[in-house]
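A quick write-up on the structure given underneath.
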Amino acid sequence: MDPIRVPRPPASAFHKNRPVSDLLASQIEHFQHIEAKLEPEHRSPFAPHEIVTENAAAQYITHMTNLLRGQSTQKAGPVAVPRRPAKRSSKPLPKPEGRTKAIALAAAADKAPARKRASAAKKKAAHLKDKRKKS
Amino acid sequence: MPPDKSKPGIKALKHVVVLMMENRSFDHMLGGLKATNPAIDGLTGRETNPDTTGVQASVQPLAEYQSQLDPDPNHHFAAVNLQIFGDPAKGPPALQPTMQGFVKSYFNQQRNVKHSRDILYYFAPDKLPVLTTLATEFAVFNRWFSSIPGPTICNRAFAHYGTSFGQVSMNLFYQGKQYKSIYERMLAAGHTVKLFYYDEASSTMEVVNLLQNQPSLFGTFQDFLSACDKDLLPEYSFIEPNYTDHDAPDGSGEAVACDQHPDHDVRAGEQFIATVYNKIRENPKLWASTALLVVYDEHGGIYDHVPPPACTPDGFVAQPSDTGTLDAFHFDRLGVRVPAILVSPWVPKGTVINDVFEHACIPATITDFFLGAYPQRSPREIAANTFLNQLSLPAMRAESDCPDFTVE
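Structure below.
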């Protein structure tokens, strides 16, 4: 059987300033639920109202994932596909200001958010939705 | 049904890999295959949906890789109700599933009649060389449905837990519930498991439950590739694609979203699927001992012509305030059909599977194969079909009989 060619998407497919989707907004909200329970020194430097594009979401998600996994931001290895070579303008993400070692989360974090907290999360989500393109 | 361990393919099996993509329906991705293989329950080309002017719009092989399904089609519970039953507020028993509300549902987002018809478009098979080749060269499921007629996260929960614990939305807080995830079950029995997300910038959709409480379960896609090279692949692996276009955290370049979620470019997902397949296939030991399932979490609001069937009730109830409809939901019917393909050199070429599957079949299959009897599972998972018996050949297929992909 002859090899089947799998073309890469064109450069125009990459659109890091695309507004976050409902899916990403939910993922962010879940991270924010966890972040709200952290001591202030562990919280991310990203303001919720600034996380409106996919790239901004990725920076925040990097910070939170590394925090939860106890890893340094710089530890992530290169990923094979599908990736394009770095452009001159492409810079590494800033190191999070909080600690990067593993942290113990409050036992309360296992519980579903209290009503008051859920309401605050909804306000955040509504604010995000106002900012991004309607879907 | 537990796998028949007398079959050579089952005897050889040591690893199962599940790759779950995002938000595309069966007909949208694979419906065009019916023209060349009538056994595949795709499209005849005569399927229609009424638009809001009463005109019958037809399915057409005009799906584009990107920019066509923007805005993202609504796939929350009430919108899916409209797509399936023609009414956002009511369902069975008052209404039967007709699959006639997709165009009307998409119209609600932009009030653009012409654009609303795009929801019926499907890919010509040659536009998706990876997915359609795997579907025709290995086993394609004619009846794999999403677990819930709703969005991503509650559907993905069925792949991890065999239930969504009564949730029909994106907000999920499972910890401490009565059913353990497939990963906890496997680890408790001394087996190896890993969830591989793409990179830290994309991460996982299992944030509040698994990532928060069991971060050691996770690895990156690079870790998956490395594990395949070093013969260190876990017995069970679950792969999540890249959910965002972003600058790579290590500064190595642009990471293109490869989840195929609208409006991400579908070609990036094709490359991603091919990379997973190639990596397993490159290692002869792994190729002989691994089953790869490629499946989509839900239909993403995109048209499919097969009405979802009833299923074993889950024991949970979602109230009307959660579903956004007039009725409570008893988890007693499935969501819209999605693409699902089983890949292994022990699967007969051109297999078409007609039994009903859904995402609870994933933990059901892994549990049956690796753990055996395990009663503490959801009713849905206990009733679910398993898929490893498809590895039924008496001998492995020859290298030359299996496709090769050249990822550019």
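Residue numbers (the working numbering), protein chains in the order written: chain R, 132 to 266; chain C, 83 to 490. Note that beta-carbon positions come from the ideal geometry of N, C-alpha and C, so glycine has one too.
- The beta-bridge partner set that DSSP reports for Met103/C consists of Tyr378/C.
- Taking C-alpha positions only, Val289/C is separated from Thr118/C by approximately 42 Å.
- Ile435/C is bridged by DSSP to Phe223/C.
- Proximity to His381/C across Ala145/C, Lys96/C, His157/C, Gly136/C peaks at His157/C, based on C-alpha coordinates.
- In the assembly as shown, Asn324/C is a buried residue. Its beta-carbon has 16 or more other beta-carbons within 10 Å.
- When C-alpha distances from Ser482/C are compared across Glu266/C, Arg419/C, Pro461/C, Lys431/C, the shortest belongs to Lys431/C.
- Listed by position along chain C, the residues whose Cβ is nearer than 7 Å to that of Ser152/R are Asp154, His343.
- Residue pairing of Leu277/C in beta bridges, as defined by DSSP: Phe300/C, Phe320/C.
- Phe411/C sits in a strand when the DSSP states are folded into three classes.
- Membership of Phe487/C in the beta strand (DSSP E) is indicated by the continuous run 487-489.
- Setting aside the 5 residues that flank it on each side, Asp281/C is surrounded in the same chain by Thr302, Phe303, Gln304, Asn324, Ala330, Pro331, Ala337, each with a C-beta closer than 8 Å to its C-beta; the list follows chain order.
- Those residues of the segment 196-223 of chain C placed with their C-beta closer than 7 Å to a C-beta in chain R are Pro211, Val212, Thr215, ordered along the chain.
- Within chain C, Thr326 have C-beta atoms less than 7 Å from the C-beta of Ala188/R, given in sequence order.
- Taking 8 Å as the upper bound for CB-CB distance, Tyr385/C and Leu374/C are not in contact here, some 27 Å apart.
- Taking the CA atoms as reference points, Pro366/C sits about 45 Å from His173/R.
- Think of a sphere of 7 Å around the beta carbon of Ser175/R: no beta carbon from chain C falls inside it, the nearest being about 13 Å out.
- Membership of Gln138/C in the beta strand (DSSP E) is indicated by the continuous run 138-140.
- Under the three-state reduction of DSSP, Glu481/C is assigned to helix.
- Contact between the segment 133-145 of chain C and the segment 226-237 of chain C is absent: fewer than 3 CB-CB pairs across the two stretches fall below 8 Å.
- The C-beta separation of Ser319/C from Phe306/C comes to about 7 Å, placing the pair in contact by the 8 Å criterion.
- At a cut-off of 8 Å, the C-beta of Ala356/C has a neighbouring C-beta in chain R.
- Against Tyr147/C, the close residues of chain R are Pro140, Ala144, in the order they occur along the chain (beta-carbon pairs closer than 8 Å).
- Selection Pro155/C, Asn163/C, Cys236/C, Cys393/C evaluated against Leu202/C yields Pro155/C as nearest (Cα-Cα).
- Distance between Leu213/C and Thr126/C, taken at the CA atoms: about 19 Å.
- Cβ contact annotation for Tyr204/C (same chain, cutoff 7 Å, sequence separation greater than five): Asp109, His110, Gly113, Gly114, Leu125, Val141, Pro143, Ala145, in chain order.
- Of all residues in the segment 111-126 of chain C, none comes within less than 8 Å of chain R when Cβ atoms are compared.
- With the rule of 3 Cβ pairs closer than 8 Å, the segment 414-432 of chain C counts as touching the segment 465-479 of chain C.
- One Cα belongs to Asn163/C, the other to Ala171/C, and the distance between them is close to 7 Å.
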